[in-house]
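Undergrad:
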């Protein structure tokens with residue numbers, strides 16, 4: 001099958017979206033992730049091996065063109081932690097994991113796993129849901145497609 005990839009070209013003056021019908025997935029991950037109010041959730045995104053040394057990030061906002069980076073790696077495997085959010089890149093498994101802790105209602109939003117690439121970032125959206133209670137499916141997986 002041919003995957004639809006959305007390639008983003010970022011310049012100083014404009015953001016342009018270009019559609020490409022190549023089988024070019026560079027990044028996959030869950031469609032949805034959820035966790036209990038006050039609890040935590042983890043999202044694991046997988047990438048192609050050739051992107052091991054690239055910066056990975058977790059971005060918040062419904063529009064990929066203008067989402068705000070919450071946390072970002074420096075291309076290494078060092079685990080980084082910010083305000084209630086951490087990110088860890090595992091080069092051996094070609095995955096990076098984002099963990100959100102002390103979940104609040106306003107953490108419910110659209111987020112993006114991203115790879116910072118020259119010219120084109122690869123991004124895939126993850127809908128995060130905070131719920132009350134203790135039992136809920138933490139991730140809903142999707143087939144290997146992406147917006148990049």
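Residue numbers (full-length UniProt numbering): 1 to 148.
In this text, a Cβ means the ideal position worked out from N, Cα and C, and glycines have one as well.
1. Taking just the CA atoms, how far does residue 92 sit from residue 126?
2. In three-state terms, what does DSSP make of residue 54?
3. Quick one: is residue 79 buried, meaning 16 or more other Cβ sit within 10 Å of its Cβ, or exposed?
4. Thinking just about the alpha-carbon of each residue, which of 114, 85, 81 and 40 is nearest to the one in residue 28?
5. Rounded to whole angstroms, what's the CA-CA distance from residue 110 to residue 35? Just pull it up for me.
6. Tell me, please, which residues DSSP counts as bridged to residue 81.
7. In this structure, does DSSP put residue 21 in helix, strand or coil?
TA: Taking the definition as stated:
1. As a working note, residue 126 is residue 126 in the chain shown. As a working note, residue 92 is residue 92 in the chain shown. Computed Cα separation, rounded: 23 Å.
2. Here residue 54 refers to the residue found at position 54 of the chain shown. Three-state result, residue 54: coil.
3. Here residue 79 refers to the residue found at position 79 of the chain shown. Exposed, because fewer than 16 other Cβ atoms sit within 10 Å of the Cβ of residue 79.
4. Mapped onto the chain shown, residue 28 falls at position 28. Of the candidates 114, 85, 81 and 40, the one whose C-alpha sits nearest the C-alpha of residue 28 is 114.
5. The count along the chain shown starts at 1 and reaches residue 110 at position 110. The count along the chain shown starts at 1 and reaches residue 35 at position 35. Going from the Cα of residue 110 to the Cα of residue 35 covers about 14 Å.
6. Here residue 81 refers to the residue found at position 81 of the chain shown. Per DSSP, 86.
7. In the chain shown, the residue the question calls residue 21 occupies position 21. In this predicted model, residue 21 has a pLDDT of only 31, less than 50, meaning its place in the structure is not dependable; the value taken from the coordinates is given anyway. Residue state, collapsed to three classes: coil.
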